[in-house]
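In the numbering used here, the protein residues as written are 1135 to 1249.
Note that beta-carbon positions come from the ideal geometry of N, C-alpha and C, so glycine has one too.
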């Protein structure tokens, strides 16, 4: 076995120290994920934008329902639409219990009206 390929064994207390040292150097932004939120039709006027990037704290599992609750807190009038919103993640219809992943694109649409 070559010198480079040899596996080194470290005492457990050194391994913990090395792991903690590496963890302490990770910037706080590494513990967040970003999703893009697209608003359609009258919802754009309600929130004042057609799309936003929402940064969510990682370290826990986020669902579409969790994101909606965050958005309802930020835009209270959006809650008036709750129960009637059409929702999609990455251009696929989504249920509220669907988990979110970093980089997801979430579309929030009012109900379709026709005539």
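Cα-Cα, which of 1244, 1239, 1237 and 1200 is closest to residue 1217?
Here the question's residue 1217 lines up with position 83 in the chain shown. Of the listed residues, the one whose Cα sits closest to residue 1217 is 1244.
Between the C-alpha atoms of residue 1189 and residue 1175, what's the straight-line distance to the nearest angstrom?
Stepping through the chain shown from its first residue, residue 1189 is reached at position 55. Stepping through the chain shown from its first residue, residue 1175 is reached at position 41. C-alpha separation (whole angstroms): 23 Å.
With residue 1204 as the anchor, note down where its alpha helix (DSSP H) starts and where it stops.
For this step, residue 1204 is matched to residue 70 along the chain shown. 1198-1208 is the extent of the alpha helix (DSSP H) around residue 1204.
So residue 1241 and residue 1172 are in contact, right, with Cβ under 8 Å, and what is the actual spacing, rounded?
As a position in the chain shown, residue 1241 is number 107, starting the count at 1. As a position in the chain shown, residue 1172 is number 38, starting the count at 1. At roughly 5 Å, the Cβ-Cβ gap stays under 8 Å, so residue 1241 and residue 1172 are in contact.
I'd like to check one pair, residue 1166 with residue 1199: are the Cβ atoms closer than 8 Å?
Your numbering for residue 1199 matches position 65 in the chain shown. Your numbering for residue 1166 matches position 32 in the chain shown. No, the pair does not count as a contact, with Cβ atoms beyond the cut-off.
Do residue 1197 and residue 1234 have their beta-carbon atoms positioned less than 8 Å apart in this structure?
Residue numbering aside, residue 1234 sits at position 100 when the chain shown is read from its first letter. Residue numbering aside, residue 1197 sits at position 63 when the chain shown is read from its first letter. Taking 8 Å as the Cβ cut-off, residue 1234 and residue 1197 qualify as a contacting pair.
Return the bridge partner residues of residue 1233 from the DSSP annotation.
Sequence index remark: in the chain shown, residue 1233 carries index 99 (1-based). For residue 1233, which the question treats as bridged, DSSP gives the partners 1197.
Within the continuous beta strand (DSSP E) that includes residue 1221, where are the two ends?
Residue mapping note: residue 1221 aligns to position 87 of the chain shown, counting from 1. First-last of the beta strand (DSSP E) with residue 1221: 1220-1223.
Within this structure, are the beta carbons of residue 1210 and residue 1168 separated by less than 8 Å?
On the chain shown, residue 1210 is found 76 positions in, with the first residue counted as 1. On the chain shown, residue 1168 is found 34 positions in, with the first residue counted as 1. No, the Cβ-Cβ distance between residue 1210 and residue 1168 is not below 8 Å.
Buried or exposed for residue 1231, going by 16 or more other Cβ atoms inside 10 Å?
As a working note, residue 1231 is residue 97 in the chain shown. Per the 10 Å Cβ criterion, exposed.
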